[in-house]
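Below: one structure, written as structure tokens.
In the numbering used here, the protein residues as written are 4 to 143.
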């Protein structure tokens, strides 16, 4: 399945839900997206998952970037009620995967994680991961 002719991987659903959660906490910066993704899936996005996912979600109209902040588009907000109820993250993740038309995490994924996203380099990714890890360590 596709959304606007973009084939989405399961990691795109994980990423979109992380952006939705991070946006509700005052702005979805890369480090906050990584933090939300870790809370959802107990894992950190790989650089290719993050970069290709941002590219696919932008192309299909589910997210936009404004001055380094990623936001769910009106299209996404209209099609989801995520984060507004007391539903589990697991159920919300399943809903996002259904919205994107992507396979489950254990199935073969339709897209290679080889897309580029403007401004996202390996050093930008590594800085965001390090910022998340430092903030996490200061809490623990």
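Ideal Cβ positions, reconstructed from N, Cα and C, are used throughout, including at glycine.
Straight-line gap, residue i to residue j (C-alpha atoms, nearest Å)
i, j, result
"residue 14", "residue 65", "14 Å"
"residue 20", "residue 126", "24 Å"
"residue 79", "residue 134", "27 Å"
"residue 61", "residue 34", "18 Å"
"residue 32", "residue 39", "11 Å"
Contact under 8 Å by Cβ, residue i with residue j
i, j, result
"residue 118", "residue 17", "no"
"residue 114", "residue 8", "no"
"residue 116", "residue 63", "no"
"residue 37", "residue 47", "yes"
"residue 10", "residue 57", "no"
Bridge-paired residues (DSSP) for residue i
i, result
"residue 31", "73"
"residue 67", "74"
Cβ neighbours of residue i in the same chain (closer than 6 Å, five flanking residues each side left out)
i, result
"residue 4", "Low confidence applies here, because residue 4 scores a pLDDT of 42, under 50, leaving its location unreliable; read the following figure in that light. For residue 4, where only same-chain residues beyond five positions count, the Cβ hits under 6 Å are 104."
Same chain, Cβ closer than 7 Å to residue i, neighbours up to 5 away in sequence not counted
i, result
"residue 30", "72"
Any non-hydrogen atom of the ligand SAH closer than 7 Å to residue i Cβ
i, result
"residue 74", "As for the ligand SAH, it is missing from this structure, which has no ligand bound."
**Prompt:** Okay, do the segment 23-35 and the segment 101-111 touch, 3+ Cβ pairs below 8 Å being the bar?
**Reply:** no
**Request:** Answer yes if the segment 126-135 comes into contact with the segment 67-74, meaning at least three C-beta pairs across the two stretches below 8 Å, and no otherwise.
**Result:** no
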